[in-house]
Amino acid sequence: MHVELADRLRRAGLEPDAVEAVVRTALDEDGPVDVTSTPIFGPDERSTGDFTAREDGVVAGIPVAEVVFDLLGIEAEAKASDGDRVTAGQVLVSVSGPTRAVLRAERVALNLLTHLSGIATATRAWADALEGTKARVRDTRKTLPGLRALQKYAVRCGGGVNHRMGLSDSALVKDNHIAAAGSVTRAFEAIRAAYPALPVQVECDTLEQVREAVEVGARSILLDNMTPDDLFEAVRLVDGRAELEASGGLGLDRARDVAVTGVDYLAVGALTHSARVFDIGLDFS
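Below, the structure is given as structure tokens:
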């Protein structure tokens, strides 16, 4: 991988070796030989083309697609930047290289670009819906195996906020932890004793649990499947002593109703597990 491309990935918060591993896996999935393109085009034939947006949205994954091109010896020129709002017909990346290589790269690059841009576009819709409130949209660990770093990067491109990357980053005491431990207090205090400096978030589905979490010292509380009235009451009860995150069955149509209750975050797993692909195509010149 070229040094400049690796540097851009690092600045975006992505580990170049990890991105390259994802791309190599995707290329390997297509097999060793393209039995369609290889007989049609000689090794010296070259083509140019443009990866073009087919709809309006937010683009993400251009440097990731550039890793595909880099590994296959294709010259690429980015015409847009990740996080940009783009319109239908706008060229995102122009490529030039051996025809066989460009055709081999096409689907892998599109799979990554369309998926990540779909996440960024969905996230931007939530961020726009929350504009004017203090609430931010935040992702979850509901990601595809092997793609978490890229999916969470796409959330950032869309204006969202990342929750923990993995189980080692911070603690999240969920309903099953509480049920097995017997109480919020017992679960929280066990974690605090083992990891005094570790951030700990407590999931609560009742106001009684919220009260207990605050009293035991929780500084971050996940409010699970609460009505707007209960969210208002939780905000009043906590009174700034902990960050509050609403979660559970949130839809874009009621995002603002939840945000105006005064919570700090809306947890939306659908950003990564249900975002539709963003329509992009490759057009040969």
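If you're matching positions, the sequence shown starts at 1156 in my numbering and goes up one per residue.
The beta carbon of each residue, even a glycine, is placed where N, CA and C say it ideally should be.
Beta carbon of residue i nearer than 7 Å to that of residue j
i	j	result
Glu1400	Tyr1420	yes
Val1257	Arg1291	no
Thr1193	Asp1294	no
Gly1406	Asn1380	no
Thr1254	Phe1196	yes
Leu1392	Thr1416	no
Val1214	Ala1231	no
Val1328	Val1357	yes
Closest by C-alpha distance to residue i, when choosing among the options
i	options	result
Lys1289	Asp1438, Ala1231, Val1418, His1157	Val1418
Ala1304	Gly1216, Asp1183, Asp1162, Val1415	Gly1216
Asp1394	Val1365, Thr1382, Glu1232, Leu1327	Val1365
Asp1434	Ala1264, Arg1409, Arg1163	Ala1264
Glu1109	Val1250, Ser1272, Val1223	The first residue shown for the chain is 1156 and the last is 1440, placing residue 1109 beyond what the model contains.
Gly1314	Gly1321, Leu1322, Ala1280	Ala1280
Ala1309	Gly1287, Ala1326, Ala1277, Ile1333	Ala1277
Cβ-heavy atom distance, residue i to the ligand NAP, below 6 Å
i	result
Leu1392	Inclusion of the ligand NAP in the displayed structure is not the case, the ligand content being empty and no account of it being possible.
Residue i to residue j span [Cα, whole Å]
i	j	result
Ile1229	Glu1261	11 Å
Leu1247	Val1369	48 Å
Asp1330	Gln1306	26 Å
Asp1408	Leu1182	39 Å
Ser1202	Thr1180	25 Å
Leu1285	Val1241	21 Å
Ala1172	Leu1362	The identity of residue 1172 in the sequence shown is Asp, whereas the question assumes Ala. Taking the straight line joining both Cα atoms gives about 45 Å.
DSSP three-state assignment for residue i, whether helix, strand or coil
i	result
Phe1206	strand
Leu1362	helix
Arg1201	strand
Asp1330	helix
Asp1379	strand
Arg1347	helix
Ser1338	coil
Range of the contiguous beta strand (DSSP E) that encloses residue i
i	result
Asp1438	1435–1439
Tyr1420	1420–1422
Range covered by the alpha helix (DSSP H) that runs through residue i
i	result
Arg1319	From DSSP, Arg1319 is part of no alpha helix (DSSP H); its letter is neither H nor E.
Ala1430	Ala1430 -> no alpha helix (DSSP H), and no H or E assigned at all.
Leu1265	1254–1284
Chain C within 7 Å of residue i, Cβ atoms only
i	result
Glu1358	Absent from the structure: chain C. Only one protein chain is present.
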